[in-house]
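Numbering-wise (the UniProt record's numbering), the sequence shown opens with residue 1 and increments by one. What follows is a short report on a single structure.
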Amino acid sequence: MDAQLKRGFLETCVLATLERRESYGYQIVKDVPPLLGLTESTLYPLLKRLESAGCITVRSAEHNGRLRKYYRVTPAGAARIEEFLAEKSDVMSIYRYIEFAHGAAVPGEACDQGERND
């Protein structure tokens with residue numbers, strides 16, 4: 001998968017992971033689909049941005065004698081997930097157009113704007 005495309009999905013995948021349950025960095029990396037190639041070095045700056053945007057909250061708790069940061073999605077983070085999901089039909093229309101323009105789909109499957117005027 002293209003790196004730019006992965007980055008586009010990464011934020012929402014992290015939010016969706018945290019919507020299911022509170023979690024910590026290493027576990028988030030394990031829970032996000034491997035196809036996205038999330039690493040801890042990519043995750044922590046993303047978590048900081050999400051916290052600054054009010055999409056997640058952070059708390060520290062002791063675990064095996066060390067402090068661990070736990071992250072949880074906020075209502076603003078849940079709203080971002082909903083916004084992302086609301087765009088699904090638009091994204092699928094773009095994919096159908098590309099398939100049609102590339103010759104992989106029959107014309108009836110292309111999005112309305114994608115019809116050719118040859």
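Every residue, glycine too, gets a C-beta built ideally from N, C-alpha and C.
With DSSP run on the structure shown, which of helix, strand or coil describes residue i?
i: R20; result: helix
i: L38; result: coil
i: V32; result: coil
Just how far apart, CA to CA, sit residue i and residue j?
i: Y24; j: L50; result: 14 Å
i: L5; j: R68; result: 31 Å
i: G77; j: T57; result: 10 Å
Short check: CB of residue i to CB of residue j, under 7 Å?
i: T74; j: C55; result: yes
Which first and last residues belong to the beta strand (DSSP E) in which residue i is found?
i: E62; result: I56 to H63
At what residues does the alpha helix (DSSP H) containing residue i begin and finish?
i: residue 126; result: No statement about residue 126 is possible, as the shown extent of the chain runs from 1 to 118 and does not include it.
- Could you tell me whether the region 78-97 touches the region 12-27, where touching means 3 or more Cβ pairs closer than 8 Å? Touching, yes.
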